[in-house]
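Encoded as C-alpha cells, the structure appears first; notes follow it.
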Amino acid sequence: EAGVAQSPRYKIIEKRQSVAFWCNPISGHATLYWYQQILGQGPKLLIQFQNNGVVDDSQLPKDRFSAERLKGVDSTLKIQPAKLEDSAVYLCASSMGRRNTIYFGEGSWLTVV
Amino acid sequence: KNEVEQSPQNLTAQEGEFITINCSYSVGISALHWLQQHPGGGIVSLFMLSSGKKKHGRLIATINIQEKHSSLHITASHPRDSAVYICAALTGTASKLTFGTGTRLQVTL
Numbered sequence: 001e002a003g004v005a006q007s008p009r010y011k012i013i014e015k016r017q018s019v020a021f022w023c024n025p026i027s028g029h030a031t032l033y034w035y036q037q038i039l040g041q042g043p044k045l046l047i048q049f050q051n052n053g054v055v056d057d058s059q060l061p062k063d064r065f066s067a068e069r070l071k072g073v074d075s076t077l078k079i080q081p082a083k084l085e086d087s088a089v090y091l092c093a094s095s096m097g098r099r100n101t102i103y104f105g106e107g108s109w110l111t112v113v
Numbered sequence: 114k115n116e117v118e119q120s121p122q123n124l125t126a127q128e129g130e131f132i133t134i135n136c137s138y139s140v141g142i143s144a145l146h147w148l149q150q151h152p153g154g155g156i157v158s159l160f161m162l163s164s165g166k167k168k169h170g171r172l173i174a175t176i177n178i179q180e181k182h183s184s185l186h187i188t189a190s191h192p193r194d195s196a197v198y199i200c201a202a203l204t205g206t207a208s209k210l211t212f213g214t215g216t217r218l219q220v221t222l
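These protein sequences, in sequence, are chains A and B. Residue 85 in our numbering sits at position 85 of the first sequence, and the numbers go up by one each step. Going from the second sequence to our numbering is simple: count from 1 and add 113.
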C-alpha cells in the first residue's frame, strides 16, 4: 500500500516569497491533515479536511496560509508571503476517518532565509 | 499546563534495557496514538488504542482510561529504537489530535 506522498521534500526560499506544498493521501482516506512542526516542538495542526470540506482551520494563519483539497483527494498548502518564523517541517497526514489510525508523510522541510 | 503531558522528556538507555515512556492527559479522549519520529524522518504511527493493551514486536502500549494514563514500553531496546516518541490524544467531537511534547530516546551500545 502506497503511503502519504509529499513534495517537495526540501525548499529554501527568501522571506516574502511564496511556496506551495503538495500532498497525496493514501487512497480512500477521507480525512487529511496539515501540520506544522517547528524544530524541537510537537506538530501543530494547521488544517483538517474531511473529504473536500474543512473541519478545523482555527490555527491556520489565514493572512498568509491557504490550503485546498479539490475533489477530496490531493491537497495543496500555500504560504504567501513567507516569514522567517515559517521555517518548519510541514507534515501531511491522512486517515480513513477521524477515529482511525493516522498515517504521516515524510514531511516537507521549509527554510525561509 | 498542557492537556497531554509526557515523561521523561529525554531518556538515555543502554542496549538491552527495558524502557517505559509515560503519557498523562487531562481531557476526555476517544483514543490515544503513540507515534515515532526519527531525526529527519516522518512520523510513524505505532499504536492507536482506546482501552487495554496492544503489542507489536518489542513494543507494548497500555492505557488506563480511569487514570487517564498510557505507557509505551520497549523490551530489549536497540540503538535503532533511538527516536522521539510522541503520544497524541484524540479528543472532542471533531476528533482533534492533541500532541504531547515528546520523549527523546537515545539507546547506546
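All C-beta atoms in this analysis are idealised placements derived from N, C-alpha and C, irrespective of residue type, glycine included. Computed from a prediction, not measured in an experiment: that's the story for all the values here.
Residue 79 of chain A is a Cβ neighbour of residue 19 of chain A, given a cutoff of 8 Å. Using beta-carbon distances, residue 103 of chain A counts as an interface residue toward chain B, with a partner under 8 Å. Straight-line measurement puts the Cα of residue 149 of chain B at about 7 Å from the Cα of residue 196 of chain B. A direct Cα-Cα distance of roughly 10 Å separates residue 133 of chain B from residue 172 of chain B.
In this structure, residue 116 of chain B lies near residue 211 of chain B, with their beta-carbon atoms less than 8 Å apart.
With a threshold of 8 Å between beta carbons, residue 202 of chain B makes no contact with chain A.
Ranked by how close their Cα comes to the Cα of residue 131 of chain B, the residues B:191, B:175, B:158 and B:140 have B:191 in first place. Of all residues in the stretch 46 to 64 of chain A, the ones placed with a Cβ closer than 7 Å to any Cβ belonging to chain B are 55 and 56, in chain order. Judged by DSSP secondary structure, residue 66 of chain A falls within the beta strand (DSSP E) whose first and last residues are 65 to 68.
Rounded to whole angstroms, the gap between the alpha carbons of residue 156 of chain B and residue 203 of chain B is 16 Å.
For residue 129 of chain B, the three-state secondary structure derived from DSSP is coil. Annotation: residue 40 of chain A to residue 217 of chain B spans about 10 Å, alpha carbon to alpha carbon. Where residue 217 of chain B is concerned, the enclosing beta strand (DSSP E) starts and stops at 216 to 221. Residues of the stretch 149 to 180 of chain B with a C-beta atom less than 8 Å from some C-beta of chain A are 154, 155, 156, 157, 158 and 161, listed in chain order. Against residue 43 of chain A, the close residues of chain B are 212, in the order they occur along the chain (beta-carbon pairs closer than 7 Å). Annotation: the stretch 171 to 220 of chain B contains the following complete segments of the beta strand (DSSP E) (minimum length 3 residues), in chain order: 172 to 177, 182 to 187, 196 to 204 and 209 to 212.
DSSP, read as helix, strand or coil, puts residue 71 of chain A in helix. Contact annotation for residue 107 of chain A against chain B: 155 [CB-CB distance below 7 Å, chain order]. For residue 215 of chain B, the C-beta contacts it makes with chain A under 7 Å involve 42, in order along the chain. Beta-bridge partners of residue 37 of chain A (DSSP): A:89.
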